[in-house]
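Protein chains: 4
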Amino acid sequence: MTECKNIFAILDELKENAAQINDDDLKAVEKLITEANRIFIGGAGRSGFAARGFSNRLMHLGYTVYFVGEPTTPSIQEGDLLIVGSGSGNTASLVSNSKKAKEQGAKVATLTMFPENTIGSMSDAAIKIPGETEKVKGKGKASVQASGSSFEELCWITYDAMVMDLMKLTNQTNEDLFKRHANME
Amino acid sequence: MTECKNIFAILDELKENAAQINDDDLKAVEKLITEANRIFIGGAGRSGFAARGFSNRLMHLGYTVYFVGEPTTPSIQEGDLLIVGSGSGNTASLVSNSKKAKEQGAKVATLTMFPENTIGSMSDAAIKIPGETEKVKGKGKASVQASGSSFEELCWITYDAMVMDLMKLTNQTNEDLFKRHANME
Amino acid sequence: MTECKNIFAILDELKENAAQINDDDLKAVEKLITEANRIFIGGAGRSGFAARGFSNRLMHLGYTVYFVGEPTTPSIQEGDLLIVGSGSGNTASLVSNSKKAKEQGAKVATLTMFPENTIGSMSDAAIKIPGETEKVKGKGKASVQASGSSFEELCWITYDAMVMDLMKLTNQTNEDLFKRHANME
Amino acid sequence: MTECKNIFAILDELKENAAQINDDDLKAVEKLITEANRIFIGGAGRSGFAARGFSNRLMHLGYTVYFVGEPTTPSIQEGDLLIVGSGSGNTASLVSNSKKAKEQGAKVATLTMFPENTIGSMSDAAIKIPGETEKVKGKGKASVQASGSSFEELCWITYDAMVMDLMKLTNQTNEDLFKRHANME
Numbered sequence: 226m227t228e229c230k231n232i233f234a235i236l237d238e239l240k241e242n243a244a245q246i247n248d249d250d251l252k253a254v255e256k257l258i259t260e261a262n263r264i265f266i267g268g269a270g271r272s273g274f275a276a277r278g279f280s281n282r283l284m285h286l287g288y289t290v291y292f293v294g295e296p297t298t299p300s301i302q303e304g305d306l307l308i309v310g311s312g313s314g315n316t317a318s319l320v321s322n323s324k325k326a327k328e329q330g331a332k333v334a335t336l337t338m339f340p341e342n343t344i345g346s347m348s349d350a351a352i353k354i355p356g357e358t359e360k361v362k363g364k365g366k367a368s369v370q371a372s373g374s375s376f377e378e379l380c381w382i383t384y385d386a387m388v389m390d391l392m393k394l395t396n397q398t399n400e401d402l403f404k405r406h407a408n409m410e
Numbered sequence: 226m227t228e229c230k231n232i233f234a235i236l237d238e239l240k241e242n243a244a245q246i247n248d249d250d251l252k253a254v255e256k257l258i259t260e261a262n263r264i265f266i267g268g269a270g271r272s273g274f275a276a277r278g279f280s281n282r283l284m285h286l287g288y289t290v291y292f293v294g295e296p297t298t299p300s301i302q303e304g305d306l307l308i309v310g311s312g313s314g315n316t317a318s319l320v321s322n323s324k325k326a327k328e329q330g331a332k333v334a335t336l337t338m339f340p341e342n343t344i345g346s347m348s349d350a351a352i353k354i355p356g357e358t359e360k361v362k363g364k365g366k367a368s369v370q371a372s373g374s375s376f377e378e379l380c381w382i383t384y385d386a387m388v389m390d391l392m393k394l395t396n397q398t399n400e401d402l403f404k405r406h407a408n409m410e
Numbered sequence: 226m227t228e229c230k231n232i233f234a235i236l237d238e239l240k241e242n243a244a245q246i247n248d249d250d251l252k253a254v255e256k257l258i259t260e261a262n263r264i265f266i267g268g269a270g271r272s273g274f275a276a277r278g279f280s281n282r283l284m285h286l287g288y289t290v291y292f293v294g295e296p297t298t299p300s301i302q303e304g305d306l307l308i309v310g311s312g313s314g315n316t317a318s319l320v321s322n323s324k325k326a327k328e329q330g331a332k333v334a335t336l337t338m339f340p341e342n343t344i345g346s347m348s349d350a351a352i353k354i355p356g357e358t359e360k361v362k363g364k365g366k367a368s369v370q371a372s373g374s375s376f377e378e379l380c381w382i383t384y385d386a387m388v389m390d391l392m393k394l395t396n397q398t399n400e401d402l403f404k405r406h407a408n409m410e
Numbered sequence: 226m227t228e229c230k231n232i233f234a235i236l237d238e239l240k241e242n243a244a245q246i247n248d249d250d251l252k253a254v255e256k257l258i259t260e261a262n263r264i265f266i267g268g269a270g271r272s273g274f275a276a277r278g279f280s281n282r283l284m285h286l287g288y289t290v291y292f293v294g295e296p297t298t299p300s301i302q303e304g305d306l307l308i309v310g311s312g313s314g315n316t317a318s319l320v321s322n323s324k325k326a327k328e329q330g331a332k333v334a335t336l337t338m339f340p341e342n343t344i345g346s347m348s349d350a351a352i353k354i355p356g357e358t359e360k361v362k363g364k365g366k367a368s369v370q371a372s373g374s375s376f377e378e379l380c381w382i383t384y385d386a387m388v389m390d391l392m393k394l395t396n397q398t399n400e401d402l403f404k405r406h407a408n409m410e
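Take a look at the structure:
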């Protein structure tokens, strides 16, 4: 049995970065979630997979939730909420989604490294998540990992931290969530 | 300008096969759709893409619809309907889905070449669609196309034929459908 | 047994529209396919599902093929080919993909109702497929179906018509294709 | 600025669980990766999204990689490697995939909570990852999170820990990986 140095190096990096995440931002996004008629989740690439994981948990929690781009996802309307994860805050397709959501009168929330960029600027709530990507080199501390990985991991964990809050807010247990878990797969 | 012989050969084959499709079967599936609380759509491979296209139209029509395997798809329950397309009627994952749906008290409908096989046998309604696949060679007439293509094309068209009926049944126009069409993509 | 009038109405519509498809256009796209290092397939919505079906057949035929947006899809480079299906020829994400492909020195081919629009204008080969969509009402003949369906069906069939040619060109049988068919699903 | 207690609670849980992960197991999987002709990645649900993220990184690294279930994924053959993530080690579709891979003469590797279960038992290499799921309650320590989350997060991080090793093994930088990063999305 050999301890895995890489995993501990990743966890140390995440802990350091996590100190910069403001819990008030999570609470603001959670408030939008509880107030929304329907929740639309968007994301591209690896942070998009973290977002898909979150869409799964929101379904478990009983919310009406859609992932942008799926065939069963309807048009977004006033009263709805769009949550997008975008490291740069400038991902073209997600910028386009966010603009459309705002035009329709829906709210927008985002997880991003740069809340000051395009998506964050038009968002009703933004969670700033530190990280480093190849497109924005040198703006953060050098990561022990491939570019983007630290942001993506911390997105996943931040989504799960919100799930912990939402379980308490809605007074639900693992059993409640599991009843909604897909029984065909 | 040269006419495309292949396309006409395909359309001729589809017309010949279409003569064996019983409209009463479509009407039976449509009845289950209109009676269901929620509709779950399943399918694998190329006929799965036809099924995804159908799930999109059911959303356009205003039904509560989920594609099996997506993260936002909840557990199936009594009162729900599962519609699966399976050429052989024996696709392992779709057999498993159909069994689970029946166990839960949901209804099952299928589009298949062999209604007498596993999935058709446990279905509440089945649309028999002629075709030929590599796994079931020699049971049908030789196709001018790659194995399976004729079944897959006719699945797509049969789904769309049901959409025509459902538009009339629910008294909806193209404009009604377009309002629900995804506005973020 | 009642014949299904809707299916025959669809097939009649497709046959009428098919008369406007130029086989020379298919041959031009097939030539690009056989000359490409790697083939990238793109598409959104329902015509995107037809495109996914085609990507599956190109894999069966032994080509190196990727669907745009999948996590295993690499960057497009000179010598590669992008094939996109877009009814309007103006779908934002597909316009963006096509521009990028051209910038990189890759070729672009398209299936579209309007070869004169953005994507067609920058394409090395375009197959014009008649149809009617809600966004481009009144430019074509009224369809018996929901907007877009006729184009989507004819895309699927046009892709399959090219598969017929490519099987002959590469001298392959159903058995050859089936050997490459996914054995895990 | 309020520190996020949930995120730190998750990171503490991951650090505690990480102590049980054997780096020798990661090295064994990495060896299979470097020896394989082609790599097939499988996974369902939320741990499937972590697996998709890994498939993306393997593409970045220059490996020939496929995600099971995608239309461009061919049949697995001798000399190939299948890597599946399955908390329980008994997920029906992944068991079926693993059996098929072994039958074909391919190797199988897995990330799982229970290497002694079905998938682990037939694997050439297994990474044991601690966790707790609703289906296997009481076998591990109670998690601060929803069932499964801890396993899923640690899968993502373990995949990324292997990426760190593989970058070193293949002597590649972020720049090398970024060149292969999808330029159309």
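Heads up: the sequence lines are chains A, B, C and D, in that order.
Position in the first sequence (from 1) plus 225 gives the number in our numbering.
Position in the second sequence (from 1) plus 225 gives the number in our numbering.
Position in the third sequence (from 1) plus 225 gives the number in our numbering.
Position in the fourth sequence (from 1) plus 225 gives the number in our numbering.
Here a beta-carbon is modelled for each residue, glycine too, at the ideal position from N, C-alpha and C.
Does the pairing of the segment 322-329 of chain D with the segment 299-311 of chain D give three or more beta-carbon distances under 8 Å? When C-beta atoms of the segment 322-329 of chain D are compared with those of the segment 299-311 of chain D, three or more pairs fall below 8 Å, so the two segments count as touching.
Could you check whether glutamate 377 of chain D and glycine 278 of chain A sit closer than 8 Å to each other, using their CB atoms as the reference points? Yes. Within cutoff.
Reducing DSSP to helix, strand and coil, say where valine 290 of chain D ends up. The answer is strand: DSSP assigns valine 290 of chain D an E or B state.
Given leucine 251 of chain C, which residues of its chain have a CB within under 8 Å of its CB, disregarding the five upstream and five downstream residues? Short of 8 Å from the beta carbon of leucine 251 of chain C, and not among the five residues preceding or following it, lie these beta carbons of its own chain, in chain order: Ile352, Thr383, Ala386, Met387 and Asp390.
CB contact flag (serine 368 of chain B, leucine 239 of chain B, <8 Å): Against a cut-off of 8 Å, the Cβ pair of leucine 239 of chain B and serine 368 of chain B comes out as no contact.
Please work out which residues of its chain come closer than 6 Å, Cβ to Cβ, to tryptophan 381 of chain D, disregarding the five sequence neighbours upstream and downstream, and give them in chain order. Only Ala275 meet the Cβ criterion.
Taking buried to mean at least 16 other C-beta atoms within 10 Å of its own C-beta, is lysine 332 of chain C buried or exposed? Per the 10 Å Cβ criterion, buried.
Which same chain residues end up closer than 6 Å to leucine 236 of chain B when comparing Cβ atoms and leaving out the 5 residues on each side of it in sequence? Nothing meets the Cβ criterion.
Taking the straight line between their C-alpha atoms, what separation do you get for threonine 398 of chain D and histidine 285 of chain D? One alpha carbon belongs to threonine 398 of chain D, the other to histidine 285 of chain D, and they sit about 11 Å apart.
Tell me whether asparagine 281 of chain D counts as near the ligand GTP, meaning its Cβ is closer than 7 Å to at least one heavy atom of that ligand. In the structure on display, the ligand GTP does not appear, and there are no ligands present to speak of.
Cβ closer than 7 Å: which chain C residues qualify as neighbours of alanine 371 of chain A? By Cβ distance, chain C contributes nothing, its closest Cβ being about 14 Å from alanine 371 of chain A, past 7 Å.
Does any CB atom of chain D fall closer than 8 Å to the CB of alanine 331 of chain B? Closer than 8 Å: no.
Within chain A, the residues that phenylalanine 292 of chain B reaches when beta carbons sit closer than 9 Å: Here the neighbours are Glu295, Pro296 and Thr297.
Can you pull the chain B neighbours of isoleucine 301 of chain A, defined as C-beta to C-beta under 8 Å? Residues of chain B passing the Cβ test: Asn408 and Met409.
With distances taken from CA atoms, which of D:His406, D:Phe403 and D:Met338 is nearest serine 272 of chain D? Nearest C-alpha to serine 272 of chain D: D:Met338.
Could you please give the first and the last residue of the uninterrupted alpha helix (DSSP H) stretch that includes isoleucine 344 of chain D? Its alpha helix (DSSP H) spans residues 343-346.
Quick one: grab the DSSP three-state call for asparagine 408 of chain C. Of the three classes helix, strand and coil, the one that applies to asparagine 408 of chain C here is coil, per DSSP.
So for asparagine 262 of chain C, helix, strand or coil by DSSP? Residue state, collapsed to three classes: coil.
State buried or exposed for glutamate 295 of chain A, treating a residue as buried only when at least 16 other CB atoms are found within 10 Å of its CB. It is buried - the Cβ of glutamate 295 of chain A has at least 16 other Cβ atoms within 10 Å.
Using beta carbons (cut-off 8 Å, strictly below), is glycine 345 of chain D in contact with chain A? With 8 Å as the cut-off, glycine 345 of chain D does not count as an interface residue toward chain A.
Over what stretch of residues does the alpha helix (DSSP H) that includes threonine 383 of chain D continue unbroken? In the DSSP assignment, threonine 383 of chain D falls within the alpha helix (DSSP H) that extends over 374-394.
Mind checking the segment 311-330 of chain D against chain B and listing, in chain order, the residues whose C-beta falls within less than 7 Å of any C-beta there? Those residues of the segment 311-330 of chain D that come within reach of chain B (Cβ to Cβ, closer than 7 Å) are Ala317, Ser318 and Ser321.
Taking 8 Å as the threshold (beta carbon to beta carbon), is valine 248 of chain A in contact with chain D? The sequence shown places aspartate at residue 248 of chain A, rather than the valine named in the question. For aspartate 248 of chain A, a Cβ of chain D is located within less than 8 Å of the residue's own Cβ.
Going by the beta-carbon positions, is the gap between aspartate 349 of chain D and leucine 283 of chain D smaller than 8 Å? Not a contact, by the Cβ cut-off of 8 Å.
Cutoff 8 Å: methionine 389 of chain C Cβ touching any chain B Cβ: Nearest CB-CB separation between methionine 389 of chain C and chain B: below the 8 Å threshold.
According to DSSP, is isoleucine 352 of chain B part of a helix, a strand, or is it coil? Reduced to three states, the DSSP call for isoleucine 352 of chain B is strand.
List the residues of chain B that methionine 284 of chain A touches, going by C-beta distances under 8 Å, in chain order. Result: Pro296, Thr297, Thr298 and Pro299.
Quick check: is the beta carbon of asparagine 231 of chain C nearer than 8 Å to any beta carbon in chain B? Yes - at least one Cβ of chain B is within 8 Å of the one on asparagine 231 of chain C.
For asparagine 342 of chain C, is the classification buried or exposed, using 16 other Cβ atoms within 10 angstroms of its Cβ as the cut-off for buried? With 16 or more Cβ atoms within 10 Å of its Cβ, asparagine 342 of chain C is classed as buried.
Classify glutamate 255 of chain A as helix, strand or coil using the three-state DSSP reduction. Reduced to three states, the DSSP call for glutamate 255 of chain A is helix.
Cβ atoms of proline 355 of chain A and alanine 407 of chain B: under 8 Å apart, would you say? No. Outside cutoff.
Leucine 379 of chain A and asparagine 262 of chain A - do their beta-carbons sit closer together than 8 Å? With respect to the 8 Å criterion, asparagine 262 of chain A and leucine 379 of chain A are not classified as neighbours on the basis of their beta carbons.
Do you know whose CA, among A:Thr289, A:Pro340, A:Ile232 and A:Glu228, lies nearest aspartate 249 of chain D's CA? Nearest in C-alpha terms to aspartate 249 of chain D, of all of A:Thr289, A:Pro340, A:Ile232 and A:Glu228, is A:Glu228.
Do threonine 297 of chain C and asparagine 281 of chain D have their CB atoms nearer than 8 Å? Going by C-beta atoms, threonine 297 of chain C is nearer than 8 Å to asparagine 281 of chain D.
Output the boundary residues of the alpha helix (DSSP H) element that contains isoleucine 235 of chain B. Taken as a continuous stretch (DSSP letters only), the alpha helix (DSSP H) holding isoleucine 235 of chain B covers 230-243.
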